[in-house]
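To start, the structure itself, in structure tokens.
Residue numbers (our numbering), protein chains in the order written: chain A, 1 to 377; chain B, 378 to 691; chain C, 692 to 992.
Structure below.
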């Protein structure tokens with residue numbers, strides 16, 4: 001026990017000493033809160049790659065208002081309690097703004113902490129509607145909301161002429177929100193019927209039982225609002241069953257691994273709605289970014305959310321540059337009122353009073369026989 | 378020897394009491410988390426440590442408490458701390474109902490049943506059971522607690538709330554440990570058959586231990602809900618139960634100072650390891666194994682009870 | 692009715708894999724009375740090692756799919772078996788004489804360690820087995836669509852289980868394992884090298900888990916570093932359901948759990964499927980407190 005104390009407390013003291021001083025004039029600190037460990041680790045790790053790259057870019061070009069930009073990342077593990085600790089930790093590090101995080105309920109657990117410390121938060125993957133309905137002045141997001149995506153999804157289903165739709169979600173707050181939103185819109189539409197609406201369990205491997213059950217309701221299209229690992233498996237197992245019903249996904253299925261998991265043959269013809277991929281934007285910013293990312297890490301960015309985190313970083317640094325200040329009130333005001341059509345990596349960015357991104361963001365994609373994501377007109 | 382130990386504990390308590398003065402907000406908040414888990418660990422300790430039942434589903438009772446508070450506060454406007462007694466009561470009632478038929482299961486069979494219990498509760502919460510749990514969104518917008526008109530918001534304020542609760546818990550559970558009830562539980566853990574032979578109604582005592590542990594977990598659920606202002610199913614997964622379980626066993630099953638130290642290690646170490654970035658949980662896993670190997674009985678195992686004879690005999 | 696039988700085959704396929712993993716739990720438990728919570732991660736290691744060996748050595752190109760996979764399976768089983776022995780030596784052996792729950796916590800620590808090791812080595816993203824290693828055929832029996840590979844997976848699990856059962860029942864080493872499971876002290880007195888037996892058990896159990904990992908990789912195509920946790924939990928449930936420590940029990944429990952899940956999803960609710968499975972487990976344990984095939988002996992009298 002004494003030996004233990006002799007080890008534990010010096011360790012604690014050491015780690016306190018090693019924490020960098022609170023404020024320093026030379027750098028502008030931007031926080032990143034993302035899932036670096038746990039089931040969504042691949043998202044968080046790529047978010048960090050994107051931000052590191054963008055920060056390096058700014059620094060090699062002379063910095064932000066003459067100061068260096070420093071990215072301080074913290075792991076939220078995709079768990080609300082750990083996220084609240086990560087957020088509190090970031091508030092003690094003198095960050096101006098925090099980018100993140102991925103899941104809506106994880107973001108929610110941190111919103112008040114940042115707001116009370118008057119730190120800007122720009123979420124990148126939290127699409128739940130209620131997050132911006134609280135009137136928080138410092139909260140923004142670069143991803144669109146579920147209601148917007150639901151609208152695009154429902155219209156696409158209608159446009160493709162599907163009459164009997166099965167909706168599957170995975171009971172995460174994002175997927176369920178999108179599923180209910182779409183269901184509500186489809187029910188109002190003439191001639192479209194939702195014949196199946198249920199949740200799968202994410203993280204499993206075998207969805208044959210679910211598919212067999214869905215098949216018995218004989219839908220002429222399936223809309224799955226969950227994430228790409230399950231979407232890939234569903235596609236693959238659906239094809240193995242010899243069932244060629246059209247399959248559509250939400251923006252969480254936008255990930256190259258989807259095709260790897262499903263295989264080209266099974267993924268062919270899969271539709272999904274998503275913010276446009278950087279490769280489909282001909283803005284110089286996007287092309288430049290993809291090229292640099294490719295060079296630094298050897299592959300194009302996988303996750304659209306990581307790119308949206310990059311956009312969060314870019315709007316914040318832009319606001320700091322334009323206001324020539326790190327005063328968060330000024331930055332927030334700038335983002336709310338003055339930023340107009342900022343050329344983001346995923347298209348033009350402006351924010352409304354609630355902090356939501358305005359404008360049509362979603363596009364429809366289809367997978368071709370080579371497993372490429374093709375933007376639909 | 379005994380005095381020396383008490384001196385260490387007293388010094389530790391004093392250090393803890395003063396720590397918000399010299400720690401920053403983040404470390405105070407880490408201590409808050411440690412405090413919450415210390416109390417949860419102590420409540421689980423009654424079931425695992427004293428009564429010797431393999432229970433890995435404590436998050437189920439914690440969830441019942443937290444959700445009760447959240448619902449009472451957001452739907453009926455009950456002030457958060459006022460919801461505490463009912464949260465504890467419902468968690469206890471829930472434990473009584475579910476534990477009654479399974480209490481006779483031995484060892485690992487009880488373990489899997491309690492795991493099943495916490496999974497069923499989590500799935501029920503996700504699926505918005507009775508339409509009151511908010512599904513995977515959980516329940517948000519829970520008020521901050523108020524004591525005598527004084528609103529608790531900052532980490533340092535929560536620190537004193539949580540650790541005051543912890544202090545009360547330690548006092549009560551210490552009394553319990555040395556009571557007739559506590560001694561009966563210890564007997565039951567050491568030799569169930571002999572205990573039954575000596576006229577101890579084992580099923581009754583086990584059930585009582587279960588219910589007391591659950592009540593306490595439900596009450597701490599209130600504090601958790603108030604602190605986070607949001608409760609969602611992710612916070613009550615099976616893994617959360619595993620964390621509580623590790624706290625008890627690693628610290629020293631059946632020992633109050635052990636469990637508190639266990640909470641410091643299991644909750645504190647991943648925070649200390651943040652410097653290792655993506656490898657932090659790797660180091661944490663390795664640390665768990667090594668601590669267990671070097672202190673196989675837990676880091677501070679309970680002291681054997683002594684009953685000095687010469688004082689009792691004239 | 693057609694749907695019922697289709698769901699039954701769905702359940703059997705999942706259950707076969709649960710059963711194979713459950714065997715590892717049950718063997719270790721039988722001898723050491725230890726719940727090896729790191730077993731699920733040994734399963735994950737098996738699927739990742741399989742992927743690495745498959746892509747780096749191109750066995751299936753050289754030897755054809757059947758012998759290629761067979762050799763691959765043998766290599767994966769040996770490697771994961773060795774990891775299992777190392778795990779036991781480092782994390783469990785020092786805890787033989789201490790309270791049982793201490794070893795459980797050590798196992799949980801080892802599980803966290805393994806999971807994060809895999810994440811750091813292979814990265815956090817999903818990994819995918821190459822397609823079309825096994826012929827993709829669909830068999831149509833009485834109007835049921837059954838992919839060929841599913842029959843192979845089920846067949847492979849059954850073969851491995853039968854081999855294990857024969858090994859345990861008929862060979863000298865098997866008898867030694869049974870003796871050690873019955874009473875370690877007495878086994879020692881009869882001249883059985885109990886430590887050797889434990890090593891064998893810690894080789895076979897993880898090896899079977901590794902084989903299951905390889906099969907999951909080949910069958911479903913997608914692996915990631917956290918998958919062992921869910922499979923491990925399911926397999927542990929299966930082992931308990933059948934009566935832990937009992938080898939036929941693990942098989943019955945695994946298959947039954949798979950079928951309960953499939954039928955629960957089909958006829959009650961998909962979202963409640965795991966809760967239904969646990970509920971059935973609890974009900975079975977209330978009626979039969981030591982599982983379906985567990986021995987009903989009172990402990991410690």
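Positions of the beta carbon are idealized from the N, C-alpha and C atoms, including for glycine.
As the structure is a prediction and not an experimental result, all values here were calculated from the model.
- Message: Checking the sheet assignment: what are the DSSP bridge partners for residue 831 of chain C?
- Response: Along the third chain, read from residue 1 onward, the residue named residue 831 of chain C stands at position 140. DSSP lists C/836 as partners of residue 831 of chain C.
- Query: Per DSSP, what kind of secondary structure is residue 983 of chain C in: helix, strand or coil?
  - Reply: Counting from one through the third chain, the residue named residue 983 of chain C turns up at place 292. Here residue 983 of chain C sits in coil by DSSP.
- Task: For residue 810 of chain C, go through chain A and note every residue whose CB falls closer than 8 Å to its CB, in chain order.
- Result: In the third chain, the residue the question calls residue 810 of chain C occupies position 119. What residue 810 of chain C touches in chain A: 37 and 41.
- Cut-off 8 Å between Cβ atoms - residues of its own chain near residue 964 of chain C, not counting five sequence neighbours on either side: The residue given as residue 964 of chain C occupies position 273 in the third chain. If we look at residue 964 of chain C and ignore the five residues flanking it on each side, its Cβ neighbours are 952, 955 and 956.
- Message: Among the candidates C/829, C/872 and C/894, whose CA atom is the shortest distance from the CA of residue 673 of chain C?
- Response: This structure leaves residue 673 of chain C out entirely; chain C is present only between 692 and 992.
- Item | Selected residue, minimal CA-CA separation from residue 144 of chain A, among A/123, A/262, A/158 and A/160 | Position 144 of the first chain holds residue 144 of chain A. Closest by alpha carbon: A/123.
- Task: Kindly say whether residue 372 of chain A, judged by its beta-carbon, lies nearer than 8 Å to any beta-carbon of chain C.
- Result: Residue 372 of chain A sits at position 372 when you count from the first residue of the first chain. It does not: the Cβ of residue 372 of chain A has no partner Cβ on chain C nearer than 8 Å.
- Message: Relative to the C-alpha of residue 277 of chain A, which candidate in A/256, A/295, A/264 and A/292 has its C-alpha closest?
- Response: Walking along the first chain from the start, residue 277 of chain A turns up at place 277. With distances taken between Cα atoms, residue 277 of chain A lies closest to A/256.
- Query: What is the residue span of the alpha helix (DSSP H) that residue 674 of chain B lies within?
  - Reply: Counted from its first residue, the second chain places residue 674 of chain B at position 297. Note, residue 674 of chain B: premise wrong, no alpha helix (DSSP H); not H, not E.
- Message: So that I know if they touch, is there some Cβ in chain B lying closer than 8 Å to that of residue 109 of chain A?
- Response: On the first chain, position 109 is the one that residue 109 of chain A refers to. Output row for residue 109 of chain A: interface = yes.
- Around the C-beta of residue 320 of chain B, are 16 or more other C-beta atoms found within 10 angstroms, so that it is buried, or is it exposed? Examination of residue 320 of chain B is not possible in this model, given that chain B is present from 378 through 691 alone.
- With 16 other Cβ atoms within 10 Å as the buried cut-off, status of residue 681 of chain B: Translated into the one-based positions of the second chain, residue 681 of chain B becomes position 304. So residue 681 of chain B counts as exposed.
- Euclidean distance between Cα positions of residue 493 of chain B and residue 406 of chain B: Your numbering for residue 493 of chain B matches position 116 in the second chain. Your numbering for residue 406 of chain B matches position 29 in the second chain. Rounded to whole angstroms, residue 493 of chain B to residue 406 of chain B spans 31 Å at the Cα level.
- Item | Sequence ranges, alpha helix (DSSP H) only - wholly within the region 246–308 of chain A, length at least 4 | 257–262, 264–267 and 284–297
- Between residue 195 of chain A and the rest of its own chain, which residues show a CB-CB distance below 8 Å, the 5 nearest in sequence each way excluded? For this step, residue 195 of chain A is matched to residue 195 along the first chain. Hits under 8 Å: 164, 165, 166, 217, 218 and 219.
- Query: Excluding sequence positions up to five away, which residues of its chain have a Cβ less than 7 Å from the Cβ of residue 424 of chain B?
  - Reply: Working through the second chain from its first residue, we reach residue 424 of chain B at position 47. So the qualifying residues of the chain are 430, 432, 586, 587 and 590.
- Task: Return helix, strand or coil for residue 400 of chain B, following the three-state DSSP convention.
- Result: On the second chain, position 23 is the one that residue 400 of chain B refers to. In the structure shown, residue 400 of chain B sits in coil (DSSP, three-state: anything other than H, G, I, E or B).
- Whole-angstrom distance between residue 892 of chain C and residue 743 of chain C, CA atom to CA atom: Taking the third chain and counting its residues from 1, one reaches residue 743 of chain C at position 52. Taking the third chain and counting its residues from 1, one reaches residue 892 of chain C at position 201. Straight-line Cα distance between these residues: approximately 26 Å.
- Query: Closest Cβ-Cβ distance between residue 578 of chain B and chain A: below 8 Å?
  - Reply: Start at 1 with the first residue of the second chain, and residue 578 of chain B comes out as number 201. No - not a single Cβ of chain A is within 8 Å of the one on residue 578 of chain B.
- Message: Distance check for residue 713 of chain C and residue 289 of chain A, CA to CA, integer angstroms please.
- Response: The residue you call residue 289 of chain A lines up with position 289 of the first chain. The residue you call residue 713 of chain C lines up with position 22 of the third chain. Taking the straight line from one Cα to the other gives about 48 Å.
- Query: Distance, Cα to Cα, residue 96 of chain A vs residue 78 of chain A?
  - Reply: Here the question's residue 96 of chain A lines up with position 96 in the first chain. Here the question's residue 78 of chain A lines up with position 78 in the first chain. The alpha-carbon atoms of residue 96 of chain A and residue 78 of chain A are separated by roughly 23 Å.
- chain C beta carbons: is any one of them nearer than 8 Å to that of residue 23 of chain A? Here residue 23 of chain A is taken as the residue at index 23 of the first chain, counted from 1. Reliability of the predicted coordinates at residue 23 of chain A is poor, the pLDDT of 45 falling under 50, and no value is obtained from them.
- Inter-stretch contact (C-beta, 8 Å, three-pair minimum) for the region 26–37 of chain A and the region 284–304 of chain A: no
- Query: Going along chain D, which residues have a C-beta under 7 Å from residue 236 of chain A?
  - Reply: Absence of chain D from the displayed structure is noted, the protein chains being A, B and C.
- Separation of residue 368 of chain A from residue 159 of chain A, as counted between CA atoms: By 1-based counting over the first chain, the position of residue 159 of chain A is 159. By 1-based counting over the first chain, the position of residue 368 of chain A is 368. For residue 159 of chain A and residue 368 of chain A, the distance between alpha carbons rounds to 19 Å.
- What are the boundary residues of the beta strand (DSSP E) that includes residue 27 of chain A? Residue 27 of chain A sits at position 27 when you count from the first residue of the first chain. Looking at the DSSP string, the run of the beta strand (DSSP E) that includes residue 27 of chain A is 27–34.
- Task: Answer yes or no: do residue 637 of chain B and residue 542 of chain B have a C-beta to C-beta separation smaller than 8 Å?
- Result: For the purposes of this step, residue 637 of chain B is taken as the residue at position 260 of the second chain. For the purposes of this step, residue 542 of chain B is taken as the residue at position 165 of the second chain. No, the Cβ-Cβ distance between residue 637 of chain B and residue 542 of chain B is not below 8 Å.
- Contact set between residue 503 of chain B and chain A, taken where Cβ atoms lie within less than 7 Å: Looking up residue 503 of chain B in the second chain gives position 126. Residues of chain A passing the Cβ test: 171.
- Task: Decide if residue 866 of chain C is buried, meaning its Cβ has at least 16 other Cβ atoms within 10 Å, or exposed.
- Result: Counting from one through the third chain, the residue named residue 866 of chain C turns up at place 175. Result: exposed.
- May I ask you to list the residues that DSSP assigns as paired with residue 121 of chain A? Here residue 121 of chain A is taken as the residue at index 121 of the first chain, counted from 1. Residue 121 of chain A pairs with A/98 and A/139.
- Query: For chain B, is any of its Cβ atoms less than 8 Å away from the one on residue 796 of chain C?
  - Reply: Stepping through the third chain from its first residue, residue 796 of chain C is reached at position 105. Yes, residue 796 of chain C counts as interfacial toward chain B.
- Query: Using a Cβ-Cβ distance under 8 Å, would residue 928 of chain C count as near chain B?
  - Reply: On the third chain, position 237 is the one that residue 928 of chain C refers to. Interface residue, yes.
- Item | Distance between residue 975 of chain C and residue 960 of chain C (C-alpha atoms, nearest Å) | Start at 1 with the first residue of the third chain, and residue 960 of chain C comes out as number 269. Start at 1 with the first residue of the third chain, and residue 975 of chain C comes out as number 284. When rounded, the distance between both Cα atoms is 20 Å.
- Item | Cβ neighbours of residue 484 of chain B in the same chain (closer than 6 Å, five flanking residues each side left out) | Counting from 1 along the second chain, the entry for residue 484 of chain B is found at position 107. 431.
- Is there a Cβ from chain A that is less than 8 Å from the Cβ of residue 730 of chain C? One-based indexing of the third chain puts residue 730 of chain C at position 39. For residue 730 of chain C, the answer is no, since every Cβ of chain A falls outside 8 Å of its Cβ.
- Query: What does DSSP give as the partner residues of residue 167 of chain A in its beta bridges?
  - Reply: Counted from its first residue, the first chain places residue 167 of chain A at position 167. A/197 and A/223.
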